[in-house]
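Notes for the one structure printed next.
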Amino acid sequence: MLYVQKFGGSSVADKERVLNVANRVAQTVSAGHKVVAVLSAQGDTTDDLLKKAREINSNPSKRELDMLLATGEQQSIALMSMALAAIGLPSVSLTGQQVGIHTSSSHGMARIRSIDTERINYELERSNIVIVAGFQGMDRYGDITTLGRGGSDTTAVALAAALNADLCEIYTDVEGVYTADPHIVKNSKKIDVISYDEMLDLASLGAKVLATRSVEMAKKYRVNLVVRSSMSRAEGTLVKEEAKVESTYVSGLAIDKDVASISVIGIKNEPGMAYKIFSALAKEKIVVDIILQSIGRGETKDISFTVNLGDLHKAMDLLQSNRQSLGFERVSYDDNIAKISVVGAGMATHSGVASMLFEALFSARINIMMISTSEIKISVLIDNKDTDAAANYVHEKFFSLPAR
Ligand code: ADP
Ligand code: ASP
Ligand code: MG
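Just so it is clear: in the sequence shown, position 42 is 131 by my numbering, and no numbers are missing.
Written out as structure tokens, the structure is:
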């Protein structure tokens, strides 16, 4: 069988962990399988590199940032190949460019267009373990690109699809996908099987255990995906087409601390104003989530909305420098907020989910700043400092019910 095994930053954080991963790969190989290992940068390397860049230039070029960030993964793969050699296993490390991972040119959030499989297949046929740098590729000019934070998951799934692998295993620091982030909600439970769609909802609403694009890709190419721990033998979570959901209507809780809200105040109360503001943001590829408009007070109205924390300054600069042409009085922001979402396809047919959520927050005396609902989720915006309490109360409310 061919396995793609991805090891995240915490799984390769130091010497011991690199050796631990080498041993796990060795076990798969000695069971008679072929392995393509995809690695992230060690520990906090990516954050440290970002910080380093910003110390030199507060607004570095995206091309050069990708050039820098990609070095994190390059270190990991070289070290892993050395670790495997030390236990007598032949391997070869390959960067995204060497494999031929072709992406779009949007530095910092490039999309994989195609993957060449010749080099990897050649190495596998020669009985080499292939170690691929996650998170990186190259555009049509040969320039290094990166796929967005958490992008090594996407590299792994894309490789599994391109190579027609039997299984794609995502090794991380928790034992699988839980009903909520186990580092925040102590009573969260591991989910044995989850559907692509449910996982997609959780990931896109902030459960960073899998990058959203990796789940999209797994769904598109029907990649069998397992999330498990590199530090234990526990079985993990299987992500696949269908999962039994009869007994539950809520699949999980997503907690997103990487959000900020922006309030545009004193907008002329006439048609076309929202269009102007949001099309200006869309042109800059700024994704807007929850939107709230106040009832107009005669001449003017206010609009508040949320963006990813990473886009906050770009959005603020854009609005501030176009204040006159967009026709509003002033703009402010709040980056001390968090979003908690209750997610589940079964919610569409269950009434009362919203009131259960609000009751849980009320019992914890937590104030709600904004609310947004759809058929499959309800999100609330709260003060950042309330996040952990809110997550635990809400989880208790929904999951102390009969277990799935
Ligand atoms: P890696 O470095 O292995 O890619 P990440 O930090 O990107 O790891 O993702 C794993 C983390 O995701 C966990 O440590 C956990 O805190 C967080 N997480 C958030 N939501 C969930 C969830 N529903 N189930 C499991 N882990 C989650
Ligand atoms: N090293 C990259 C990051 O920290 C990619 C990854 O870990 O998946 O986002
Ligand atoms: Mg990750």
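Think of the CB as a built atom: it goes at the ideal place given N, C-alpha and C, for glycine as much as any other residue. Note that the coordinates shown come from a computational prediction; the quantities given were computed from them, not determined experimentally.
Self-check item: Straight-line gap, Glu287 to Val110 (C-alpha atoms, nearest Å)
Solution: Glu287 and Val110 have their C-alpha atoms roughly 29 Å apart.
Quiz item: Per the contact definition of three or more C-beta pairs closer than 8 Å, is the stretch 222-237 in contact with the stretch 182-200?
Solution: In short, these stretches touch, since the Cβ pair count reaches three.
Self-check item: Alpha-carbon to alpha-carbon, Leu398 and Glu506
Solution: Given that the chain is displayed from residue 90 to residue 493, the structure contains no residue 506 and the question cannot be resolved.
Quiz item: Three-state secondary structure (DSSP) at Lys346?
Solution: Looking at Lys346 - three-state DSSP - the assignment turns out to be strand.
Exercise. If I'm right that Val315 touches Lys428 with Cβ under 8 Å, what's the distance once you round it to whole angstroms?
Key: About 28 Å separates the CB atoms of Val315 and Lys428; that is not less than 8 Å, and the two are not in contact.
Exercise. Check whether the Cβ atoms of Phe451 and Thr268 sit closer than 8 Å, and answer yes or no.
Key: For Phe451 and Thr268, no; Cβs fall outside 8 Å.
Exercise. Since I believe Leu157 is in contact with Ala175 (beta carbons under 8 Å), could you give me their beta-carbon distance rounded to a whole number of angstroms?
Key: Not confirmed; about 29 Å, so no contact.
Self-check item: Status (buried if at least 16 other CB within 10 Å, exposed otherwise) for Thr438
Solution: Note on Thr438: under 16 other CB atoms within 10 angstroms of its CB, so exposed under the neighbour-count rule.
Practice problem: Buried or exposed for Gly161, please, with buried defined as at least 16 other CB atoms from any protein chain shown within 10 angstroms of its CB. | Solution: That one is buried.
Exercise. Please find out if some non-hydrogen atom of the ligand ADP comes closer than 7 Å to the beta-carbon of His402.
Key: The ligand ADP never approaches His402 closely enough for any of its heavy atoms to be under 7 Å from the residue's Cβ.
Practice problem: Going by CA-CA distance only, name the one from Asp406, Ser318, Gly295, Met320 that's closest to Ala480. | Solution: For the set Asp406, Ser318, Gly295, Met320, the Cα lying nearest the Cα of Ala480 is the one of Gly295.
Practice problem: Have a look at the DSSP bridge pairing and note the partners of Val420. | Solution: Val420 is bridged to Val353.
Exercise. Check whether the Cβ atoms of Thr243 and Ile201 sit closer than 8 Å, and answer yes or no.
Key: One thing to note: Thr243 has its Cβ within 8 Å of the Cβ of Ile201.
Exercise. Examine the ligand ASP and report whether any of its heavy atoms sits within less than 7 Å of the Cβ of Gly185.
Key: If you check the C-beta of Gly185 against the ligand ASP, you find no heavy atom less than 7 Å away.
Exercise. Have a look at Ala254, Ser319, Ala343 and flag the residue whose alpha-carbon is nearest the alpha-carbon of Tyr310.
Key: Of the candidates Ala254, Ser319, Ala343, Ala254 places its Cα closest to the Cα of Tyr310.
Quiz item: Under 7 Å from any heavy atom of the ligand PLP, does the C-beta of Ala269 make it?
Solution: No copy of the ligand PLP appears in this structure; the ligands present are the ligand ADP, the ligand ASP and the ligand MG.
Quiz item: Of the residues Asn112, Lys403, Tyr482, Ile204, which one's Cα is nearest the Cα of Ile344?
Solution: Measuring C-alpha to C-alpha distances from Ile344 to each of Asn112, Lys403, Tyr482, Ile204 identifies Tyr482 as the nearest.
Self-check item: Continuous beta strand (DSSP E) assignments of at least 3 residues falling wholly in the stretch 363-417
Solution: Within the stretch 363-417, the complete beta strand (DSSP E) segments of 3 residues or longer fall at 377-382, 389-397, listed in chain order.
Quiz prompt | Continuous alpha helix (DSSP H) stretch holding Val339: start and end | solution = Per DSSP, Val339 lies in no alpha helix (DSSP H) and is assigned neither H nor E.
Practice problem: Ignoring anything shorter than 4 residues or poking outside the stretch 119-165, list the alpha helix (DSSP H) runs there in chain order. | Solution: Taking only runs of at least 4 residues, the alpha helix (DSSP H) segments lying wholly in the stretch 119-165 are 134-145.
Quiz item: Considering Ser303, what are the terminal residues of the alpha helix (DSSP H) in which it resides?
Solution: 301-309 is the span of the alpha helix (DSSP H), which, as asked, contains Ser303.
Self-check item: Of the residues Val339, Lys372, Leu327, the one placed nearest Gly433, counting alpha carbons only
Solution: With distances taken between Cα atoms, Gly433 lies closest to Val339.
Quiz item: When the Cα atoms are used, what is the spatial distance from Arg493 to Gln186?
Solution: For Arg493, the predicted model reports a pLDDT of 42, less than 50, meaning its position is unreliable and no value from the coordinates is stated.
Self-check item: Alpha-carbon spacing of Val328 relative to Asp281, whole angstroms
Solution: If you draw a straight line from the Cα of Val328 to the Cα of Asp281, it comes to about 9 Å.
Quiz item: CA-CA distance, Leu236 and Ile204?
Solution: Going from the Cα of Leu236 to the Cα of Ile204 covers about 14 Å.
Quiz item: Anyone know if the C-beta pair for Val125 and Val219 falls short of 8 Å?
Solution: Yes; because the gap between Cβ atoms is below 8 Å, this pair is in contact.
Quiz item: What is the rounded straight-line gap between the Cα of Ile471 and the Cα of Glu448?
Solution: Distance from the CA atom of Ile471 to the CA atom of Glu448, rounded to whole angstroms, is 14 Å.
Exercise. Under 6 Å Cβ to Cβ from Thr261, same chain only, skipping five residues before and after it: list those, please.
Key: The beta carbon of Thr261 sits closer than 6 Å to the beta carbons of Gly97 from its chain, once the five residues preceding and following it are set aside; these are given in chain order.
Quiz item: For Ser180, which of Arg208, Glu212, Glu207, Gln163 has the nearest alpha-carbon?
Solution: By alpha-carbon distance to Ser180, the top candidate from Arg208, Glu212, Glu207, Gln163 is Glu212.
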